[in-house]
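Undergrad: To start, I am sharing the structure in question, which I have written as structure tokens.
2 protein chains.
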Amino acid sequence: MNPAFEKIVFVTGNAGKFSEIQAILASFGVEAIQNKGDYPEIQADDLEPIAAYSAKAAADDLGVPVMVDDSGIFIQALNGFPGPYSRFIEDRLGNPRVLLLMKNETNRDAYFKTVIAFCEPRKEPLTFSGTVEGKIAFEERGDGGFGFDPIFDYNGQTFGELGAEFKNTVSHRRRALDKFIEWMEKQ
Amino acid sequence: MNPAFEKIVFVTGNAGKFSEIQAILASFGVEAIQNKGDYPEIQADDLEPIAAYSAKAAADDLGVPVMVDDSGIFIQALNGFPGPYSRFIEDRLGNPRVLLLMKNETNRDAYFKTVIAFCEPRKEPLTFSGTVEGKIAFEERGDGGFGFDPIFDYNGQTFGELGAEFKNTVSHRRRALDKFIEWMEKQ
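Sequence lines, in order, name chains A and B.
In short: position in the first sequence from 1, add 736, done, that's our numbering.
In short: position in the second sequence from 1, add 736, done, that's our numbering.
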């Protein structure tokens, strides 16, 4: 691996997310350093341009290689809502109101998506995406995970029921991270 | 008025909005020039930082005084949803689904808000906000206006029923613009 990538700053305010990713990267010989810097997130219809913009802003500001991630849930019957604004909408509406929106929908298809953007200073950002497909449940089930996990049904159980440990082996974030690591190992 | 403000670039892709504001500014001796440049809009819980960031990005890039505006509808029972993401949510959900979210809500209070940000190159942006208060109707009424206008009840009639000409005399956008002009005249 390119020694330039042996130390990466991960810009996130989320301590849990950082620990999870730090442990995975460490097993590949990559040291992750948390930066809680408040870099701008732009508005866009999908996650790639959002993560890419933040990664470039942080890399140019800090002068070191940087990764950021952004995640969301995209519900097909709602034309991809809440998508890039998943956290805002979870905060404002909560799961019961999302279920109300879906009450009369027979198409329950949805996917979680994570995009990891990686950027070196004064270079263009690269993005790596991972998705996991499931269905919007008819009620909240399980108290594991967070956010939309209790209404996201993956092969008959919700992410709320499956819990974080199982979820981390199949999740959109893990899949995006695997692609990123695969790319790094080739450099 | 400071002659520096006699020519302002208004960054907007919306031709109708530009014509409306151009006419009003002209009556105060200010020439508005449209720029359709695609400057970043950031994510934030309210409109001021969004408009301010875009105005500064455009002013620093173009080297001239710039104004931008940003608008949204904030529904009290939904904790300010859809707020800064009003256009995205209007596109994805539409008015019938917003009415479905409000079906069981007795508190119908909502307000439209516009923020105009003005920025000179290499200076800090200023913001001017205007709001208009109303209620979320129980059904769409009227086909004037656009977006959420048919479900926004202002003293018994929706903005969809009142039409653009009346709306422009009381609207959030007009109120923000009035504050901006008042400020400019003092310079």
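Built from N, CA and C at the ideal position, the CB exists for glycine as well.
Do the CB positions of A/Ala853 and A/Leu862 come within less than 8 Å of each other?
TA: Yes; because the gap between Cβ atoms is below 8 Å, this pair is in contact.
Undergrad: Determine the DSSP secondary structure at B/Gln779, reduced to helix, strand or coil.
TA: Of the three classes helix, strand and coil, the one that applies to B/Gln779 here is coil, per DSSP.
Undergrad: Give me the chain A residues within the contact set of B/Gly816, using Cβ-Cβ distance strictly less than 9 Å, ordered along the chain.
TA: Residues of chain A passing the Cβ test: Arg828.
Undergrad: Quick one: give me the first and last residue of the alpha helix (DSSP H) that A/Lys772 is part of.
TA: From DSSP, A/Lys772 is part of no alpha helix (DSSP H); its letter is neither H nor E.
Undergrad: Please confirm if B/Tyr847 has its CB atom under 8 Å from at least one CB of chain A.
TA: Output row for B/Tyr847: interface = no.
Undergrad: Measure from the C-beta of B/Glu841 to each C-beta in chain A and report whether the shortest distance is under 8 Å.
TA: Not an interface residue.
Undergrad: Cβ closer than 7 Å: which chain A residues qualify as neighbours of B/Pro776?
TA: Within 7 Å Cβ-Cβ: Ile778, Tyr789.
Undergrad: Checking the sheet assignment: what are the DSSP bridge partners for A/Asp885?
TA: DSSP lists no partner for A/Asp885.
Undergrad: Along the chain, where does the alpha helix (DSSP H) that runs through B/Met920 open and close?
TA: Element bounds for B/Met920: 908-922.
Undergrad: DSSP three-state label for A/Val834, please.
TA: It is helical.
Undergrad: Please confirm whether B/Phe810 has its beta-carbon closer than 8 Å to some beta-carbon of chain A.
TA: Not an interface residue.
Undergrad: I need the straight-line Cα distance from B/Phe810 to A/Ile778, nearest angstrom please.
TA: So the two alpha carbons sit approximately 20 Å from each other.
Undergrad: Can you grab the Cα-Cα spacing for the pair B/Ala780 / B/Pro820, in whole Å?
TA: Straight-line Cα distance between these residues: approximately 7 Å.
Undergrad: Which bits of chain A does B/Leu837 rub up against, with CB to CB less than 9 Å?
TA: Those within 9 Å of B/Leu837 in chain A are Leu829, Arg833, Leu836, Leu837.
Undergrad: Using 8 Å as the threshold, is the stretch 740-757 of chain B in touch with the stretch 902-920 of chain A, meaning 3 or more CB pairs across them?
TA: No: fewer than three Cβ pairs fall under 8 Å.
Undergrad: With a threshold of 16 other CB atoms inside 10 Å of the CB of A/Phe882, please say whether the residue is buried or exposed.
TA: The residue in question, A/Phe882, is exposed, as its Cβ has fewer than 16 Cβ neighbours within 10 Å.
Undergrad: Among A/Leu836, A/Ser865, A/Arg823, which has the Cα closest to the Cα of A/Asn876?
TA: Checking the sequence, you will find Glu at residue 876 of chain A rather than Asn. Comparing Cα positions, the closest option is A/Leu836.
Undergrad: Could one say the Cβ of B/Tyr890 lies closer than 8 Å to chain A's Cβ atoms, at least one of them?
TA: So no, B/Tyr890 is outside the interface.
Undergrad: When the Cα atoms are used, what is the spatial distance from B/Glu856 to A/Glu767?
TA: Approximately 42 Å between the Cα atoms of the pair.
Undergrad: Taking B/Ala788 as the reference, which of B/Ser865, B/Arg828, B/Ile760, B/Phe824 has the closest Cα?
TA: When each option's Cα is compared against that of B/Ala788, the closest is B/Ser865.
Undergrad: Within 8 Å (strictly less), CB to CB, does A/Phe824 reach chain B?
TA: Output row for A/Phe824: interface = yes.
Undergrad: Going by other Cβ atoms of all chains shown within 10 Å of its Cβ, with 16 needed for buried, is A/Asp889 buried or exposed?
TA: That one is buried.
Undergrad: May I ask you to report which of helix, strand or coil DSSP gives A/Asp827?
TA: Helix at A/Asp827.
Undergrad: Can you list, in chain order, the residues of its chain whose CB lies under 7 Å from that of A/Arg858, leaving out five sequence neighbours each side?
TA: So the qualifying residues of the chain are Asp796.
Undergrad: To the nearest angstrom, report how far apart B/Gly880 and B/Glu756 are at their CA atoms.
TA: When rounded, the distance between both Cα atoms is 16 Å.
Undergrad: On the CB-based measure, 16 or more other CB atoms within 10 Å of its CB, does A/Thr748 come out buried or exposed?
TA: By the 10 Å Cβ count, A/Thr748 comes out buried.
Undergrad: Could you check which residue in A/Val851, A/Asp845, A/Asp806, A/Pro886 has the C-alpha nearest to that of A/Lys871?
TA: When each option's Cα is compared against that of A/Lys871, the closest is A/Asp845.
Undergrad: When the distance is taken between beta carbons, is B/Ser807 closer than 8 Å to B/Thr850?
TA: Yes, the Cβ-Cβ distance between B/Thr850 and B/Ser807 is below 8 Å.
Undergrad: Excluding five sequence neighbours on each side, which residues of the same chain lie with their C-beta closer than 7 Å to the C-beta of A/Asp885?
TA: These residues qualify, in order along the chain: Thr894, Phe895, Gly896.
Undergrad: What would DSSP say about A/Lys792, mapped onto helix, strand or coil?
TA: Helix, per DSSP.
Undergrad: In whole angstroms, what is the alpha-carbon distance linking A/Leu898 and B/Ile786?
TA: Looking at the two C-alpha atoms, the distance is approximately 38 Å.
Undergrad: Candidates A/Asn891, A/Met737, A/Val802, A/Lys839: which alpha carbon is nearest A/Glu860's?
TA: For the residues A/Asn891, A/Met737, A/Val802, A/Lys839, the minimum Cα distance to A/Glu860 belongs to A/Val802.
Undergrad: Cα-Cα, which of B/Leu829, B/Tyr847, B/Gly773, B/Asp914 is closest to B/Asp782?
TA: Considering only alpha carbons, the answer is B/Tyr847.
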